[in-house]
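Asker:
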Amino acid sequence: MNRWDYSNSGYLDALKHLTDLKEEGKIKSVALTNFDTKRLQIILESGIPVVSNQVQHSIVDMRPQQGMAELCQLTGVKLITYGTVLGGLLSEKFLDTNLSIPFAGPPLNTPSLRKYKRMVDTWGGWSLFQVLLQTLKTVANKHGVSIPTVAVKYILDQPGVGGSMVGVRLGLSQHMQDCNAVFSLTLDEDDVNKIQEVSKKGKDLRRIIGDCGDEYRG
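Here UniProt numbering is used: the first residue of the sequence shown is 1, the next is one more, and so on.
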C-alpha cells in the first residue's frame with residue numbers, strides 16, 4: 001500500500017481492511033511503499049501485520065538507516081529497496097564523465113536517470129559522485145565484478161534490508177550477470193570503510209529532503 005497524504009488517518013482504515021482480507025486468506029501479506037518512520041510505527045502499534053516497506057535506498061541515499069532500519073530490526077519488518085543503482089548512474093557508464101558539458105557524457109534519457117541525477121546534485125554534486133564511482137570501481141575490480149554489483153551488495157548488507165529491486169526494461173537482459181554476481185560477493189571491512197568514507201562526505205538527505213518518501217509528498 002502507498003499513501004501520499006498523512007493529513008488524516010484514512011490509511012489505517014485501508015490497512016485494517018487489508019488485514020481482514022489477509023485473515024480471510026484472500027491475500028498473503030500486507031506491505032507498504034514509501035511510508036515514513038513515524039507512520040510505520042503508528043501502523044505497527046495499531047496491530048497491522050506489515051511485512052515490508054519499500055523505500056528508496058542507495059549509497060547516496062542512506063535515509064532509511066536513520067531511524068527506520070532500527071524500527072524494522074525491532075519489529076521484523078523488512079526494507080525492500082529501490083533506486084539502489086540510481087537508475088543506472090551507479091555504473092561504469094557514468095564513470096569519468098562530465099555532465100556539465102553539453103553532449104559530453106551519456107544522455108540522461110529516462111525519467112529515472114533525470115530523477116536520480118537531481119538526487120546526486122542534492123547529495124553532493126557530480127564531482128563527489130565521480131569520487132564515489134572511482135571508489136566503487138576500485139572495489140569492483142578487486143572482486144572481479146561491476147560497480148552496480150558492489151552498489152547493490154552494499155545496500156543488501158545494511159541493517160533491516162531484506163531485498164533490493166533492480167529495474168529492467170523490456171528487451172534488455174545484459175544486467176542478469178551483474179544481478180547474479182551479488183549473491184557470491186562478500187564485501188570486506190576495507191571495502192566497506194572505503195565506501196563509507198566517500199558516502200559520508202555527502203549531505204544529510206534526511207535533513208534536506210525529509211524521511212523516506214517525503215520527496216513525493218511535497
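Glycine residues also receive a C-beta, built at the ideal position from the N, C-alpha and C atoms.
Predicted, not measured: the structure shown is a model, and the values here were computed from it.
By how many angstroms is the C-alpha of V166 removed from the C-alpha of D157?
Answerer: On the sequence shown, residue 157 is found 157 positions in, with the first residue counted as 1. On the sequence shown, residue 166 is found 166 positions in, with the first residue counted as 1. One C-alpha to the other measures close to 15 Å.
Asker: Please give me, in chain order, every unbroken run of the beta strand (DSSP E) with length at least 3 that falls completely inside the stretch 112-167.
Answerer: Here the runs fully enclosed are 161-164.
Asker: Out of R39, I155, A31, state which residue places its alpha-carbon closest to the alpha-carbon of H57.
Answerer: Counting from one through the sequence shown, the residue named residue 57 turns up at place 57. It is I155.
Asker: Return the chain-ordered list of same chain residues with a C-beta closer than 7 Å to the C-beta of C179, the five sequence neighbours on each side being excluded.
Answerer: As a working note, residue 179 is residue 179 in the sequence shown. Same-chain partners within the cutoff: V166.
Asker: When DSSP labels each residue in this structure, what does Y6 get in the three-state scheme?
Answerer: By 1-based counting over the sequence shown, the position of residue 6 is 6. If DSSP states are grouped into helix, strand and coil, Y6 belongs with coil.
Asker: How is I42 classed by DSSP in three states: helix, strand or coil?
Answerer: For the purposes of this step, residue 42 is taken as residue 42 along the sequence shown, with counting starting at 1. Helix.
Asker: Give the straight-line distance between the Cα atoms of A69 and D191, rounded to the nearest whole angstrom.
Answerer: By 1-based counting over the sequence shown, the position of residue 69 is 69. By 1-based counting over the sequence shown, the position of residue 191 is 191. D191 has its alpha-carbon roughly 22 Å from the corresponding atom of A69.
Asker: On the DSSP bridge list, what partners appear for N53?
Answerer: As a working note, residue 53 is residue 53 in the sequence shown. According to DSSP, N53 bridges with L32, L79.
Asker: Just checking my contact of G202 with L128 at CB under 8 Å: how many whole Å lie between their CB atoms?
Answerer: Your numbering for residue 202 matches position 202 in the sequence shown. Your numbering for residue 128 matches position 128 in the sequence shown. A Cβ-Cβ distance of about 6 Å is found for the pair G202 and L128, placing them in contact under the 8 Å criterion.
Asker: Given a threshold of 16 other Cβ atoms within 10 Å of its Cβ, counted over all protein chains shown, does R217 qualify as buried or as exposed?
Answerer: Counted from its first residue, the sequence shown places residue 217 at position 217. When all chains shown are included, R217 counts as exposed.
Asker: Going straight from the alpha carbon of M119 to that of I43, what length do you get?
Answerer: Position 119 of the sequence shown, counting from 1, holds the residue named residue 119. Position 43 of the sequence shown, counting from 1, holds the residue named residue 43. Rounded to the nearest angstrom, the two C-alpha atoms are 28 Å apart.
Asker: For L71, I'd like the list of residues in its chain whose CB is within less than 7 Å of its CB, leaving aside the five on either flank, ordered along the chain.
Answerer: Taking the sequence shown and counting its residues from 1, one reaches residue 71 at position 71. Spatial neighbours of L71 in its own chain (CB-CB distance under 7 Å, excluding positions within 5 residues in sequence) are listed in chain order as T37, L40, Q41.
Asker: Taking the alpha carbon of L74 as the point to measure from, which residue in V161, L136, E215, V182 has its own alpha carbon closest?
Answerer: On the sequence shown, position 74 is the one that residue 74 refers to. Selected option, being the one with the closest Cα: V161.
Asker: Would you report the Cα separation of L205 and G25, rounded to the nearest angstrom?
Answerer: For the purposes of this step, residue 205 is taken as residue 205 along the sequence shown, with counting starting at 1. For the purposes of this step, residue 25 is taken as residue 25 along the sequence shown, with counting starting at 1. Whole-angstrom Cα-Cα distance: 40 Å.
Asker: Under the three-state reduction of DSSP, which class applies to D13: helix, strand or coil?
Answerer: For the purposes of this step, residue 13 is taken as residue 13 along the sequence shown, with counting starting at 1. If DSSP states are grouped into helix, strand and coil, D13 belongs with the helices.
Asker: Quick one, are the C-beta atoms of L86 and P64 less than 8 Å apart?
Answerer: In the sequence shown, counting from the first residue as 1, residue 86 sits at position 86. In the sequence shown, counting from the first residue as 1, residue 64 sits at position 64. No, Cβ-Cβ distance for L86 and P64 is not below 8 Å.
Asker: For S199, which of W126, L132, S164, S184 has the nearest alpha-carbon?
Answerer: Taking the sequence shown and counting its residues from 1, the one referred to as residue 199 is at position 199. In terms of CA proximity to S199, L132 leads the group W126, L132, S164, S184.
Asker: Measure the C-alpha to C-alpha separation of A140 and V150 and round it to an integer number of angstroms.
Answerer: The residue you call residue 140 lines up with position 140 of the sequence shown. The residue you call residue 150 lines up with position 150 of the sequence shown. If you take the alpha carbons of A140 and V150, they lie about 6 Å apart.
Asker: Do L32 and V60 have their beta-carbon atoms positioned less than 8 Å apart in this structure?
Answerer: Within the sequence shown, the letter at position 60 stands for residue 60. Within the sequence shown, the letter at position 32 stands for residue 32. No, they are not a contact pair.
Asker: Since I believe I48 is in contact with T19 (beta carbons under 8 Å), could you give me their beta-carbon distance rounded to a whole number of angstroms?
Answerer: The sequence position of residue 19 within the sequence shown is 19, counting from 1. The sequence position of residue 48 within the sequence shown is 48, counting from 1. Indeed, because the Cβ distance is near 6 Å, the residues count as touching under 8 Å.
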